[in-house]
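Each remark here refers to the structure printed beneath this line.
Written out as structure tokens, the structure is:
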């Protein structure tokens with residue numbers, strides 16, 4: 001009791017060694033309970049001073065608290081048992097639907113969370129992580145695109161390092177036709193965003209034997225001449241490799257290294273000529289057309305952030321109405337501004353996602369993040385620019401900072417690489433995708449797996465399955481608390497409402513959060529705090545719906561009917577449509593709790609109402 005008095009008299013977190021020494025050994029037995037008990041109970045202790053004027057009230061509160069400590073920590077077996085009792089209550093016939101890995105989700109510590117993960121639990125009901133698919137020869141037909149949408153594709157990426165404007169224009173047309181014709185039922189319509197990936201200030205090889213589909217073997221120990229003359233553009237044949245960087249011979253030295261295709265092929269320079277360098281193959285492999293080239297340690301002069309070709313591609317993207325730009329090889333905030341300048345007034349609504357794939361980009365990450373709408377962790381080139389064993393550090397750092405800033409982050413490159421040629425991924429690839437989700441990525445991306453692979457639909461389906469399992473294993477409670485602590489105090493009603501809605505969704509085990517959004521900002525703020533349940537974002541804007549695919553947990557739906565004459569009726573119509581979507585997709589059922597977030601007057605920027613309702 002003496003120790004308890006000290007614990008209450010001082011700050012509840014400041015019980016020092018001298019205090020412990022001043023009490024008997026019998027009294028110190030309750031020290032672990034007081035020091036390790038939940039934060040909420042320690043706050044209760046600190047607040048007891050307000051009752052000090054009434055001995056009776058103070059004594060009653062003390063007895064209640066001590067009984068709660070004793071019963072929860074001794075009689076019931078501690079936090080793990082509390083969690084299990086809570087989980088058992090959730091398994092009743094009229095229970096909530098979002099109970100996957102609930103024991104682990106309600107743990108008190110991260111270690112306890114890991115200990116309570118259960119392989120027999122079902123995956124999360126609705127996948128929250130978006131899947132980006134690169135569209136190429138293996139996946140650009142309308143039937144194949146429809147299969148990929150059904151399998152889980154959210155964003156279609158067009159790599160402008162390859163192909164002409166006519167080629168990509170046809171791909172864009174096919175994507176839109178596939179999405180619009182996949183179903184006529186508005187409850188099952190799936191908006192798919194289109195992303196333009198720029199060539200950027202990168203170096204690439206030419207066509208092998210003048211054809212896109214050709215490839216050639218570069219054997220280890222063989223001699224290869226790397227040329228830059230425009231006349232040799234289509235002469236890559238195994239003895240000659242053309243690259244599109246005229247200054248190569250000026251910036252590289254003897255003994256320097258040239259890496260091709262994300263480092264799969266490695267060359268060492270032996271001789272240097274006016275427009276060529278001779279090399280020896282140190283790491284051999286098959287060379288395909290238009291593969292990326294890295295020259296680590298060299299100052300690549302003459303490479304602009306936005307080349308003339310990039311400017312033409314960006315203007316083409318604006319004319320085609322793309323939703324976002326993946327800007328390659330961004331090294332500073334100035335590079336992002338250059339991209340926005342080219343997009344101009346007509347492209348001001350296009351989201352700019354900066355691809356960080358160089359040491360300089362990592363070093364300037366904060367300024368790049370501040371200027372960008374989001375970031376892509378492009379691990380391919382990054383793993384050549386920095387040691388491969390440090391790529392995971394860069395990945396975790398960038399994802400963490402994006403989560404803290406509330407901006408979407410994409411994890412890309414070689415996520416299911418073996419599925420280019422095989423129907424199943426390696427175990428390591430499955431773990432890689434899952435850990436990217438656990439790190440906090442909003443999106444995961446497939447490159448060659450869907451662009452040229454033999455199993456594009458299977459790759460999307462596999463990534464969908466892995467993401468669902470990984471999302472169920474996220475320690476959502478801890479993540480939400482940390483994100484909330486990192487957020488500065490705000491007087492913005494929309495942000496305050498978003499925080500309250502996410503916390504309410506945890507407390508009620510809500511099946512979903514339904515938000516009515518005009519600009520997409522309300523959905524973005526809800527996504528920032530990572531609720532465990534899906535966010536059904538109801539909007540009338542097709543572009544907002546598509547761009548919301550960048551955000552973790554946001555399930556955008558298009559509401560086509562015109563606004564009702566009475567604004568309150570229009571709100572009810574949109575909320576009911578969100579309810580119908582949630583039940584049709586299996587997010588929740590009748591009787592489940594749903595959080596509804598709306599505005600108090602028409603228009604954007606007025607979201608400040610949160611309601612907890614039971615689905616009918």
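Residue numbers (our numbering): 1 to 616. Just so it is clear, CB atoms sit at the ideal spot from N, CA and C, and this is done for glycine as well.
Could you check the C-alpha separation between residue 469 and residue 100 for me, to the nearest Å? Straight through space, the alpha carbons of residue 100 and residue 469 are spaced by roughly 9 Å.
List the DSSP bridge partners of residue 217. Residue 217 pairs with 286.
Minimum C-alpha distance to residue 440 - residue among 417, 375, 269 and 390: Comparing Cα-Cα distances from residue 440 to each of 417, 375, 269 and 390, the minimum goes to 375.
What does the Cβ neighbour count give for residue 560, buried or exposed, with the cut at 16 atoms within 10 Å? Residue 560 comes out exposed.
With a CB to CB cut of under 8 Å and the five nearest residues on each side skipped, what residues in its chain are close to residue 127? Hits under 8 Å: 152, 464, 467, 468 and 471.
Own chain residues within Cβ distance below 6 Å of residue 563, not counting five before or after: For residue 563, where only same-chain residues beyond five positions count, the Cβ hits under 6 Å are 570.
How many Å lie between residue 611 and residue 393 at the Cα? Straight-line Cα distance between these residues: approximately 41 Å.
To the nearest angstrom, how far is it from the Cα of residue 214 to the Cα of residue 236? Taking the straight line from one Cα to the other gives about 10 Å.
Any chance you could list the beta strand (DSSP E) runs of at least 3 consecutive residues sitting entirely within the stretch 184–216, in chain order? Assignment of beta strand (DSSP E) within the stretch 184–216, counting only whole runs of 3 or more residues, yields 193–197 in chain order.
Run the CB neighbour count on residue 167, radius 10 Å, all protein chains shown included, and call it buried at 16 or more, exposed below. Residue 167 comes out exposed.
Ordered list of beta strand (DSSP E) runs contained in the stretch 322–361, each at least 3 residues: Runs found: 324–327 and 351–356.
Beta bridge counterpart(s) of residue 569 as assigned by DSSP: Note: residue 569 sits in no beta bridge, so no partner.
If you run the structure through DSSP and keep just helix, strand and coil, what is residue 374? In the structure shown, the three-state DSSP call for residue 374 is strand.
Counting C-beta neighbours from all protein chains within 10 Å, is the total for residue 636 16 or more, i.e. buried, or is it exposed? No answer is possible for residue 636: it lies beyond the span of the chain, which begins at 1 and ends at 616.
Work out the CA separation of residue 291 and residue 238 for me, nearest whole Å. Distance between the alpha carbons of residue 238 and residue 291: 14 Å.
Pull up the CB-CB distance for residue 531 and residue 505, whole angstroms please, since I reckon it's below 8 Å. About 5 Å separates the two Cβ atoms, so the contact holds.
N-terminal and C-terminal residue of the beta strand (DSSP E) that residue 271 is part of: Counted as a single uninterrupted DSSP element, the beta strand (DSSP E) harbouring residue 271 occupies residues 265–272.
Please confirm if residue 187 has its CB atom under 8 Å from at least one CB of chain C. The chain labelled as chain C is not found in the depicted structure, where only one protein chain is given.
Do residue 644 and residue 453 have their C-beta atoms within less than 8 Å of each other? Because the chain spans 1 through 616 in this model, residue 644 falls outside it and cannot be assessed.
DSSP has residue 411 in a bridge; who is on the other side? Looking at the DSSP output, residue 411 sits in a beta bridge with 377 and 444.
Report the option in 172, 322 and 305 whose CA atom is closest to the CA atom of residue 199. Distances from the alpha-carbon of residue 199 to those of 172, 322 and 305 put 305 closest.
Short of 6 Å in beta carbon distance, which residues of its chain neighbour residue 38, apart from the five on each side in sequence? Order them along the chain. Caution applies to residue 38, whose pLDDT of 41 falls short of 50 and renders its modelled position unreliable; the value that the coordinates give is listed next. Taken in chain order, the list of residues that qualify is empty.
Measuring only the C-alpha atoms, how far is residue 537 from residue 493? Put simply, the backbone Cα of residue 537 is about 18 Å away from that of residue 493.
Residue 358 vs residue 385 beta-carbon contact at 8 Å: Yes, these two residues count as a Cβ contact at 8 Å.
In this structure, does DSSP put residue 167 in helix, strand or coil? Looking at residue 167 - three-state DSSP - the assignment turns out to be helix.
Under the three-state DSSP convention, the category residue 41 falls into: For residue 41, the pLDDT reaches just 44, beneath the cut-off of 50, and the residue's location in the model is therefore unreliable, although a value from the coordinates is still provided. The three-state secondary structure of residue 41, taken from DSSP, is helix.
Check residue 539 in the structure and name its three-state DSSP category. The DSSP-derived three-state label of residue 539 is strand.
Shorter than 7 Å, the distance from the beta carbon of residue 232 to the closest heavy atom of the ligand COA, or not? As for the ligand COA, it is missing from this structure, which has no ligand bound.
Alpha-carbon spacing of residue 245 relative to residue 368, whole angstroms: Take the alpha-carbon of residue 245 and the one of residue 368: they are about 25 Å apart.
Would you kindly check if the distance between the Cβ of residue 135 and the Cβ of residue 175 is under 8 Å? Yes; because the gap between Cβ atoms is below 8 Å, this pair is in contact.
For the stretch 205–222 against the stretch 311–330, do three or more pairs of beta-carbon atoms, one drawn from each stretch, fall closer than 8 Å, so that the two count as touching? Flag = no, the stretch 205–222 and the stretch 311–330 do not touch.
Contacts around residue 351, its chain only, beta-carbon distance under 8 Å, and the 5 residues preceding and following it disregarded: The beta carbon of residue 351 sits closer than 8 Å to those of 323, 324, 325, 373, 374, 547 and 550, all from its chain and outside the five residues before and after it, given in chain order.
Any idea what DSSP makes of residue 428, helix, strand or coil? Assignment of residue 428 by DSSP, reduced to helix, strand and coil, places it in the helix class.
Is the beta carbon of residue 511 sitting closer than 8 Å to the one on residue 587? Closer than 8 Å, so yes.
Which listed residue (608, 557 and 575) has its alpha carbon closest to that of residue 188: When C-alpha distances from residue 188 are compared across 608, 557 and 575, the shortest belongs to 557.
List the residues that DSSP assigns as beta-bridge partners of residue 608. Answer is none; residue 608 lacks a bridge partner.
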